[in-house]
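Asker: What follows is a structure written as structure tokens; I'll ask about it next.
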Amino acid sequence: MDLKDFFDLDSCDLCGECLRRCPVLGLSLKEAKLEIKRLVEGRKTKVTLRECTGCFSCNLYCPKGLTPYYLILFRWYERYKEKGLPGLIRLALPYQPPPNIWLSLHKMLPEDEKMLLKSWASPTISNLRSAEVLFLGCNQLLNPYIANTSLFNDLTPLGSRALCCGEPYFRLGLFDQVSQIARRLERYFKTLKIKRMVFFCPAGYNMFKNILPEKFGVRFDFEIKSLLEWLWERIEGGKIKIKKELSKTVTIQDSCHGKSLGPDFLKLSRKILNEIGMEVIEMEHKEEDALCCGLGGVVSRFSILDMVKTSLRRLKEAEKTKAQVFAPYCNGCLITFSLSSMLHSPKIPLFHLIELLQLATGEEPKHRHSLRAKQLLLASSGLLIPAVMAGKKGVYLKDIPSEIQNPNTTKSKIHPP
7 MDLKDFFDLD
17 SCDLCGECLR
27 RCPVLGLSLK
37 EAKLEIKRLV
47 EGRKTKVTLR
57 ECTGCFSCNL
67 YCPKGLTPYY
77 LILFRWYERY
87 KEKGLPGLIR
97 LALPYQPPPN
107 IWLSLHKMLP
117 EDEKMLLKSW
127 ASPTISNLRS
137 AEVLFLGCNQ
147 LLNPYIANTS
157 LFNDLTPLGS
167 RALCCGEPYF
177 RLGLFDQVSQ
187 IARRLERYFK
197 TLKIKRMVFF
207 CPAGYNMFKN
217 ILPEKFGVRF
227 DFEIKSLLEW
237 LWERIEGGKI
247 KIKKELSKTV
257 TIQDSCHGKS
267 LGPDFLKLSR
277 KILNEIGMEV
287 IEMEHKEEDA
297 LCCGLGGVVS
307 RFSILDMVKT
317 SLRRLKEAEK
327 TKAQVFAPYC
337 NGCLITFSLS
347 SMLHSPKIPL
357 FHLIELLQLA
367 TGEEPKHRHS
377 LRAKQLLLAS
387 SGLLIPAVMA
397 GKKGVYLKDI
407 PSEIQNPNTT
417 KSKIHPP
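Sequential numbering of the sequence shown, starting at 7, is according to the working numbering.
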């Protein structure tokens, strides 16, 4: 991997605007100029590489349209090459062998969710080719109940750890692994001849639509559509019928990838919520300035405490709006806020945007956020002890297998759950 593939050094004039405007670092213009200079030169920074939460905002702030966040990721790529990863982080990477958080949690899931996972991992080839496919990313496998709704009756769901888009690896700067994942997915989907894929997760959508093709050189020969875009088209076309207005105020958590998809994408969640009778009250940091939910806060120093700190800051900002509902549309954000809510009982109830749409169409959502947070905490605690006991020695990841099980059969599973 070469830095020039991720950041145009020659075009950067070290103006520092990207880091000066960062809603997390709090740098003066002078400090920001020094920090970007250190990043460009590959030197140790004072705060950026230790405190960046990976929110993508700096990419949006650059006056020249460069990608300083990818420069940060490249420095983390170099960090991995030099020091490896803490064993704890490996447990949260979908392609790594057991033990991992997915397998530990799945043992605790209710039977209805276990059945969902089984069905997502083994759709027939004929169904995949004849219908629109709903791609359910690896974080959706942690709370399958969110996608258990009649809203998706016209979609064929597809989801498995074996089909992770590589986003967790990308956010850690593990570019060699992302490249392996990109080619693995490209080969796999060429055999399926899917016509259209709808992405539940904004991160998966951004990876397939932009990052994997632009930075890792792969191509997918099916139409790529975000879930929010698909839902809005169905609402406008009358296929999703709103039966009652919710008549509540709501504040929105814009996801990190959502911000990078631009203002038209960010408008979709707001249009959907307005359509079901909700008034949107914006937080202090919104849209391109929105703060990370906390999940990205782990990466800089591999610290769970950084994640909690970042998440609680955002929860409290949501509370300040005095909105009646806090609505993320990213499943990773939902999981993170559900976990941090165990430490700080928020004064604002947490609902995924899909759950609100369910209510407006007369469907009762499962709403298992608190239960799932407790189960995740329990599943994680059993993994933390051996990870901590292993010490701080860096771990280097094995290559990701290049092939997924041959899908050209309608009898066997396409891939493991």
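For every residue, glycine included, the Cβ atom is placed at its ideal position computed from N, Cα and C.
Just so you know, these numbers come straight off a predicted model, no measurement behind them.
For E138 and W126, what's the separation of their Cα atoms in angstroms?
Answerer: Cα to Cα, the separation comes out at about 14 Å.
Asker: The beta strand (DSSP E) spanning P163 covers which residue range?
Answerer: P163 -> beta strand (DSSP E) spans 161-164.
Asker: Just the C-alpha distance for F176 and N145, rounded to the nearest angstrom, thanks.
Answerer: So the two alpha carbons sit approximately 15 Å from each other.
Asker: According to DSSP, is S34 helix, strand or coil?
Answerer: If DSSP states are grouped into helix, strand and coil, S34 belongs with coil.
Asker: Just to confirm my understanding: we take Q381, look at its own chain, exclude 5 residues before and 5 after, and list those with CB closer than 7 Å. What are they?
Answerer: The residues are L111, M114.
Asker: Helix or strand or just coil, what does DSSP make of K419?
Answerer: At K419 the pLDDT is 46, less than 50, meaning the model places this residue with poor confidence and gives no usable figure here.
Asker: Nearest to A329 by CA position, among L340, Y335, L356, N149, is which residue?
Answerer: Considering only alpha carbons, the answer is L356.
Asker: Using the DSSP secondary-structure output, state which residues sit across from V139 in a beta bridge.
Answerer: According to DSSP, V139 bridges with T162, M203.
Asker: In three-state DSSP terms, what is T255?
Answerer: T255 falls in the strand class under three-state DSSP.
Asker: Check I42 in the structure and name its three-state DSSP category.
Answerer: In this structure, I42 counts as helix in the three-state DSSP scheme.
Asker: Rounding to the nearest angstrom, what Cα-Cα distance links T54 and H291 in this structure?
Answerer: Cα to Cα, the separation comes out at about 19 Å.
Asker: Which residues in the same chain as L403 place their Cβ atom closer than 8 Å to its Cβ, once the five residues preceding and following it in sequence are excluded?
Answerer: For L403, where only same-chain residues beyond five positions count, the Cβ hits under 8 Å are L91, R96, L99, Q102, L180, Q183.
Asker: Looking only at its chain, what residues have a beta carbon closer than 7 Å to the beta carbon of E235, apart from the 5 residues adjacent to it on each side?
Answerer: Cβ neighbours of E235 beyond the five flanking positions: L274.
Asker: Out of D19, T155, V224, which has the shortest C-alpha to C-alpha gap to L365?
Answerer: Nearest of D19, T155, V224 to L365, Cα basis: T155.
Asker: Can you tell me whether E409 is helix, strand or coil according to DSSP?
Answerer: E409: coil per DSSP, three-state reduction.
Asker: Quick one: what does DSSP say L20 is sitting in, helix, strand or coil?
Answerer: In the structure shown, L20 sits in coil (DSSP, three-state: anything other than H, G, I, E or B).
Asker: So for P105, helix, strand or coil by DSSP?
Answerer: In the structure shown, P105 sits in coil (DSSP, three-state: anything other than H, G, I, E or B).
Asker: Check the DSSP bridge columns for L91 and list the partner residues they point to.
Answerer: V401.
Asker: In terms of residues, what are the limits of the beta strand (DSSP E) holding P334?
Answerer: 331-334 is the span of the beta strand (DSSP E), which, as asked, contains P334.
Asker: List the endpoints of the continuous beta strand (DSSP E) containing E113.
Answerer: The sequence given here has Lys at residue 113, not Glu. Looking at the DSSP string, K113 is not in any beta strand (DSSP E), and its letter there is neither H nor E.
Asker: Pairing CB atoms from the stretch 70-86 with CB atoms from the stretch 341-361, are three or more of them under 8 Å?
Answerer: No: the two stretches stay apart, fewer than three of their Cβ pairs being nearer than 8 Å.
Asker: With burial defined as no fewer than 16 other Cβ atoms inside 10 Å of the residue's Cβ, what is the status of L45: buried or exposed?
Answerer: L45 comes out buried.
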